[in-house]
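Novice: Quick one: this structure, given as structure tokens, is what I'll be asking you about.
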Amino acid sequence: MSLHPLRLLPYQEISLWDDFIDAHPTGSIFHTTGMIRSFQATKRHVVFAYGAVDVNQRMVAALVATQVNTLGGMMAWLASRSIMHAAPIYEDSPEGRQAVRDLIKFHDSKMQKRVIFTEIRPVDAPIDADDPFIDCGYQYLGYSNYELNITGSESELMRGLNGKCRNNIRSAHRKGVTVETCDALQQLSACYELFKHSYAHSKVPIVDQSLFEAAAVQLSPHRYRMLIARYEGMPVAAGCFLAYKDRVTCWYAGTKRIPGVAATSALFWEAICMYAREGYEIFDFAGAGWEGENYGPGRFKAKFGGDLIRNGRYRRIYSSWKFRAAKGVYESVRGWISPRNASQSQALATEGKKR
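Going by the numbering used here, the first residue of the sequence shown is number 121, and it counts up by one from there.
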């Protein structure tokens with residue numbers, strides 16, 4: 121059976137783009153035009169967002185990727201990759217399945233000369249036996265996440281925490297740690313400094329502050345929030361959260377390390393309770409680490425009692441020798457390209473997906 125011809129169009133040319141994302145069961149905030157524009161406005165980020173439409177102008181698939189260049193100048197190729205913070209989505213039909221393959225192949229044809237590899241970071245665990253990503257030359261890699269059901273009462277959620285986590289939260293409250301939703305633009309500098317503290321400790325480069333500035337403008341306040349924890353009047357932990365449909369994602373978090381003060385636990389608990397009161401159902405911790413990895417943030421997130429989800433990741437390497445070379449160089453310079461203003465910090469920083 122021959123399929124009707126499909127057209128691949130940039131997101132700006134598809135007027136019902138967000139309607140398709142909203143209606144699709146696995147459409148995420150990372151597919152929306154607001155998030156696309158946020159990444160497009162970010163330093164050293166270039167967005168690739170295309171949809172497939174049929175002869176009736178009906179959208180049947182969407183792919184959103186971001187070309188990220190950690191380094192500039194002649195060294196850019198060493199740290200250039202394409203990231204899909206959510207897997208491409210498509211209609212469950214022959215046209216949809218063909219469309220997603222067309223989009224992936226189109227993306228790869230454009231990116232293979234620009235980046236070393238592409239990584240797809242699914243929000244949901246793969247369920248389709250007819251896997252379009254494997255068909256298009258991607259390798260499936262073991263990666264996990266924690267998701268917490270937050271439909272219960274506050275007391276039920278508290279009972280779901282492990283004992284140490286409960287004690288840390290109560291201790292933080294007794295010691296005067298306070299958590300509040302802050303103005304996402306006016307308090308951005310303070311929050312970003314806390315993100316940098318954690319990234320510096322992990323020796324991982326952090327995205328430019330322009331991403332958060334753009335997201336605060338492009339996303340509505342109920343979809344994008346910053347929470348900040350204070351101890352003795354000083355900012356000590358911050359978290360950036362994305363809300364869409366029934367899901368809340370902890371996008372970024374960071375903290376200063378103060379012995380005996382569990383500010384990050386208090387901040388996460390406040391976020392969980394706040395979003396539970398507002399009727400959200402899933403708290404997405406945005407990453408528990410690679411399979412077999414001893415990942416500190418993953419151990420921290422496990423204490424909140426969520427379910428371990430093996431959603432995996434997909435990767436396609438366009439040049440094996442460049443990938444090996446870039447990996448070696450990255451390990452040598454990661455401390456140099458990461459934030460260096462926080463030698464004493466706690467490594468707790470999550471990107472959705474690093475998403």
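Idealized CB from N, CA, C, for every residue including glycine.
1. On a Cα-Cα basis, can you pick out the residue from Ile240, Thr153, Asp250 that is closest to Gln259?
2. Quick check on Met354: buried or exposed, where buried means 16 or more other Cβ atoms within 10 Å of its Cβ?
3. Given that a residue counts as buried once 16 or more other Cβ atoms are within 10 Å of its Cβ, and exposed if not, what is Ala383?
4. Once the 5 residues before and after Pro130 are set aside, which same chain residues still bring their CB inside 7 Å of it?
5. On a Cα-Cα basis, can you pick out the residue from Thr153, Ala386, Ile392, Ala408 that is closest to Gln132?
6. Using DSSP bridges, identify the partner residues of Phe361.
7. Between Ile289 and the rest of its own chain, which residues show a CB-CB distance below 6 Å, the 5 nearest in sequence each way excluded?
8. For Glu267, which residues of its own chain have a beta-carbon under 8 Å away from its beta-carbon, when the five flanking residues on both sides are left out?
9. Going along the chain, which residues of its own chain have a beta-carbon closer than 6 Å to the beta-carbon of Arg350, five neighbours each way excluded?
10. Would you kindly work out how many angstroms separate the C-alpha atoms of Phe424 and Leu281, rounded to a whole number?
11. Could you check if Asn176 is buried or exposed, using at least 16 other CB atoms within 10 Å of its CB as the buried criterion?
12. In angstroms, rounded to a whole number, what distance separates the CA positions of Ala245 and Gly432?
13. Considering Pro214, what are the terminal residues of the alpha helix (DSSP H) in which it resides?
14. Rounded to whole angstroms, what is the Cα-Cα separation between Leu308 and Lys376?
15. For Leu305, count neighbouring C-beta atoms within 10 Å of its own C-beta (all shown protein chains included) and say buried if the count is 16 or more, exposed if not.
16. So, under 8 Å CB-CB, His144 and Ile224 are touching, yes? Tell me the CB distance rounded to an integer number of Å.
17. Roughly how many angstroms lie between the CA atoms of Val66 and His227, to the nearest whole one?
18. How far does the alpha helix (DSSP H) with Gln338 in it reach, from first residue to last?
19. Grab the span of the beta strand (DSSP E) containing Cys302 for me, first residue to last.
20. Count the other CB atoms within 10 Å of the CB of Ile254; is the residue buried (16 or more) or exposed (fewer)?
21. Short check: CB of Glu300 to CB of Ile236, under 9 Å?
Specialist: According to the structure shown:
1. Ile240
2. exposed
3. buried
4. Ala169, Tyr170
5. Thr153
6. Answer is Arg345, Cys370, bridged to Phe361.
7. Only residues of its own chain outside the window of five on either side were considered, and among them Ser385, Ala386, Trp389 have a CB closer than 6 Å to the CB of Ile289, listed in chain order.
8. Ile402, Phe403, Asp404, Phe405, Gly426, Asp427, Ile429
9. Thr298
10. One Cα belongs to Phe424, the other to Leu281, and the distance between them is close to 5 Å.
11. Around the beta carbon of Asn176, fewer than 16 other beta carbons lie within 10 angstroms, which makes this residue exposed.
12. 7 Å
13. 214–231
14. 16 Å
15. exposed
16. About 17 Å; that fails the 8 Å criterion.
17. What the structure shows of the chain is the stretch from 121 to 475, and residue 66 is not part of that stretch, so it cannot be assessed.
18. 330–338
19. Counted as a single uninterrupted DSSP element, the beta strand (DSSP E) harbouring Cys302 occupies residues 298–302.
20. exposed
21. no
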